[in-house]
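Each residue of the sequence shown is one higher than the one before, counting from 1 in UniProt numbering. For each residue, glycine too, the CB sits at the ideal point set by N, CA and C. Here is the structure we will look at, set down as structure tokens.
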Amino acid sequence: SNSSPRGRKQVNIGSAAITGSVADLPGGLTGFGLVGTTGNVGLRSEFSRDISGDANSGGQFARFNYQINHDQQVWGPFSFYAGVNGQLANNNLDASQKFLMGGPSAVRAYDIGDGSVDEGVVGTAEVRSHWSLPALAWLGNDPSLTLATFYDQGWGEQWRNNDNGRGGRLADSNNLNLAGAGLYATVADAGNYALTMTWAHRTGNADPNAVHDDNDRFWV
């Protein structure tokens, strides 16, 4: 559980998870994860209740998160990676429980915090190439270089129930569609470090709530 210093909001949660991986195909590895979470959001001040407002996002909630991915060796240094992760919810969620579709581990062409949804899914596909590097002192004992191109796509609903209780809508554009493509390079020494530099270009619409709606984004 956690609460803000001023007692404006208290969130108590409990969760159960299962994760695993299976070497199901020659040169391939499939990973999966399932997490079920239930909890209660206590709105302990007028300020926090105002923020929750018409969304009625306080009180009891439940959400279910899932992920599955597969990395497959194709030929020589080349491999193909595909992954899907998402969230389902039973009602409108507090901001602390939202699924974030933007950022360096999601749709990389969008900022962290973009694509904040109650329910959503992010899919990614990558073509990777792996290369060995000389064992220079500053690179480590067994350094490697990965070069990859990728495409990310995210779909989601900002609100599970887009009804403000007065016959209107909480969001004019409740459905969000995020998309982007790009390149990244990773230099790594297994067990010691990994440094990734990413360039991503937005091919989908900007998040209507975005603070920054740049077409290009760089991550390190």
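- Bridge pairing for Ser-79: Gln-73, Arg-128 [DSSP].
- The beta carbons of Gln-67 and Phe-99 sit about 11 Å from each other, so the pair does not count as a contact at 8 Å.
- Residue state for Gln-60 is assigned as strand, using DSSP reduced to three classes.
- Here the alpha carbons of Pro-143 and Pro-134 stand approximately 7 Å from one another.
- Under the three-state reduction of DSSP, Ser-96 is assigned to helix.
- When secondary structure is reduced to three states using DSSP, Pro-143 falls in the strand class.
- Val-22 counts as exposed, since fewer than 16 other C-beta atoms from the protein chains shown sit within 10 angstroms of its C-beta.
- The continuous beta strand (DSSP E) containing Ser-21 extends over residues 9 to 22.
- Here the alpha carbons of Lys-9 and Leu-178 stand approximately 30 Å from one another.
- DSSP lists no bridge partner for Gly-168.
- Three or more beta-carbon pairs separated by less than 8 Å link the region 151 to 160 to the region 85 to 98, which places the two stretches in contact.
- Secondary structure of Gly-31 (DSSP, three-state): strand.
- When the five nearest sequence neighbours on each side are left out, the beta carbons in the same chain lying within less than 6 Å of the beta carbon of Leu-183 are those of Thr-149, Trp-199, in order along the chain.
- The continuous stretches of beta strand (DSSP E) do not include Asp-213, and DSSP gives it neither H nor E.
- Per DSSP, Asp-111 lies in no beta strand (DSSP E) and is assigned neither H nor E.
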